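These notes concern the structure reproduced below.
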Amino acid sequence: MIVDGDRVAVALSGGKDSTALLLLLSLLLPAWQNVQLVAITIDEGIAGYREATVQSAEHLARRLGIEHNCISFPGLFGDSLDVILKGREDQACSICGILRRKALVVAAQRAGATKLATGHNLDDEAQSVLMNVLRGDLPRIIRNSGAGSSGKFIPRIKPLSLISEKEIASYLILKNAWNDLPECPYARYALRREVRSMLSDFEYKYPGTMLHLMESKEKIELSCAGSVVSSPLRTCLVCGDPSSGDLCQVCLLLKSLGR
Ligand code: SF4
Ligand code: ZN
């Protein structure tokens, strides 16, 4: 995933997955001749939650001596997520997800990165597969595959995507890097929460369930290879980002929010 000459932007939320990812990559760094790491943090502006995780991210980057850049929603979109979501709290995660993906790409571009690394773990990935199945969204299962599936010309990599949440938690405890942090107040609205609890039950009763889901995803990708027609890539009329229509997902969302 990482080659000589790469400058890897690590999306560091300050939570456990991104903390483990930065710790692991910084451990590997001395063995790489010509690779640089830079940590990037997105502050969405979620009161009572983000302050602590941003602080934890700053602290970790400082401790590891890694360059750290932070981008905030108000700086990028004019308002904090809390303000943007007023009256739309039930759509929190889909709105936050679209805006945060954009913020990460902007931060990675500003950092001059050649790769964007995120801390998604096996649980996250298996949950996404199941959620897309539950929504009947086959194209998204395929679109989400592998490195380079998002990010404006910056390949995205997920080095922990086959490591379970439990293994990551154990690693952090052993490294004395476990931090008890608050949970996002909007998480209770998310479909992901229910899928997560269902999958954890299944994994407990039938070990290997999450890996099997990932194998199913790979098989679906293989059998669909070449048969899914994706619309030709165009350029967003507002921001110039790649898009499948006149406007990219972010500009469409901002327009629908009256911004
Ligand atoms: Fe954003 Fe939802 Fe995650 Fe909170 S739980 S940070 S709203 S995606
Ligand atoms: Zn746009």
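Following my numbering, the numbering of the sequence shown begins with 131 at its first residue and continues without gaps. Ideal Cβ positions, reconstructed from N, Cα and C, are used throughout, including at glycine. None of the values given here were measured: they were computed from a predicted structure.
Same chain only: Cβ atoms within 7 Å of Val219, ignoring 5 sequence neighbours per side: At residue 219 the sequence reads Glu, which differs from the Val that was named. Hits under 7 Å: Tyr316 and Tyr319.
Between the stretch 338-345 and the stretch 157-177, do three or more beta carbon pairs fall short of 8 Å? Contact between the stretch 338-345 and the stretch 157-177 is absent, with fewer than three C-beta pairs closer than 8 Å.
Contact check, Gly249 vs Thr149, beta carbons under 9 Å: In this structure, the beta-carbon distance from Gly249 to Thr149 falls below 9 Å.
According to DSSP, residues forming a beta bridge with His198: Per DSSP, Ala169.
Bridge partners for Ile287 per DSSP, in chain order? For Ile287, which the question treats as bridged, DSSP gives the partners Ala247.
Residues bridged to Ser373 by DSSP? Note: Ser373 sits in a beta bridge opposite Arg364.
8 Å CB neighbourhood of Asp134 in its chain, flanking five on each side removed: Closer than 8 Å at Cβ, skipping near neighbours: Trp162, Gln163, Asn164 and Val165.
Starting from Ala139 and walking both ways along the alpha helix (DSSP H), at which residues does that stretch end? No alpha helix (DSSP H) holds Ala139; the beta strand (DSSP E) holding it covers Arg137 to Ala141.
State buried or exposed for Asp147, treating a residue as buried only when at least 16 other CB atoms are found within 10 Å of its CB. Flag for Asp147 reads buried.
Asn306, DSSP secondary structure in three states: Residue state for Asn306 is assigned as coil, using DSSP reduced to three classes.
Does DSSP classify Glu351 as helix, strand or coil? The answer is helix: DSSP assigns Glu351 an H, G or I state.
Comparing alpha-carbon positions, which option in Gly205, Cys354, Leu167 and Glu181 lies nearest Glu197? Of the listed residues, the one whose Cα sits closest to Glu197 is Leu167.
Less than 6 Å between C-beta atoms, sequence neighbours within five positions excluded: which residues of the same chain meet that for Ile287? Result list for Ile287: Met131, Lys245, Ala247 and Ala277, in chain order.
Where does the unbroken alpha helix (DSSP H) through Tyr179 begin, and where does it stop? That residue, Tyr179, is in no alpha helix (DSSP H); it is neither H nor E in DSSP.
Starting from the N-terminal end, write out each residue whose C-beta falls within a distance shorter than 7 Å of any non-hydrogen atom of the ligand SF4. Selection output, chain order preserved: Glu174, Ile176, Leu211, Ala222, Cys223, Cys226, Gly227, Arg230, Cys314, Tyr316, Ala317 and Ala320.
Give the residues whose C-beta lies closer than 6 Å to at least one heavy atom of the ligand ZN, in chain order. Those residues whose C-beta sits under 6 Å from the nearest heavy atom of the ligand ZN are, from N- to C-terminal order along the chain, Cys366, Val368, Cys369, Asp371, Leu377, Cys378, Val380 and Cys381.
Residue range of the unbroken alpha helix (DSSP H) whose run includes Arg230: From DSSP, the alpha helix (DSSP H) with Arg230 extends over Ala222 to Arg240.
What's the C-alpha gap between Tyr179 and Leu211? Computed Cα separation, rounded: 12 Å.
Using the Cα positions of Ala141 and Gln239, report the straight-line distance between them to the nearest angstrom. Each residue's Cα considered, the two are about 12 Å apart.
Limits of the unbroken alpha helix (DSSP H) element including Arg382: Reading the sequence as shown, one finds Leu at residue 382 and not Arg. For Leu382, the enclosing alpha helix (DSSP H) starts and ends at Gln379 to Ser386.
Could you check whether the stretch 258-266 touches the stretch 298-307, counting it as contact only if at least three pairs of C-beta atoms, one from each stretch, sit closer than 8 Å? As far as the Cβ criterion goes, the stretch 258-266 does not touch the stretch 298-307, which means the pair count is below three.
Could you work out which residue in Ala222, Ser346 and Ile201 is closest to Ser258 when comparing CA atoms only? If we check each option's Cα against that of Ser258, Ser346 comes out closest.
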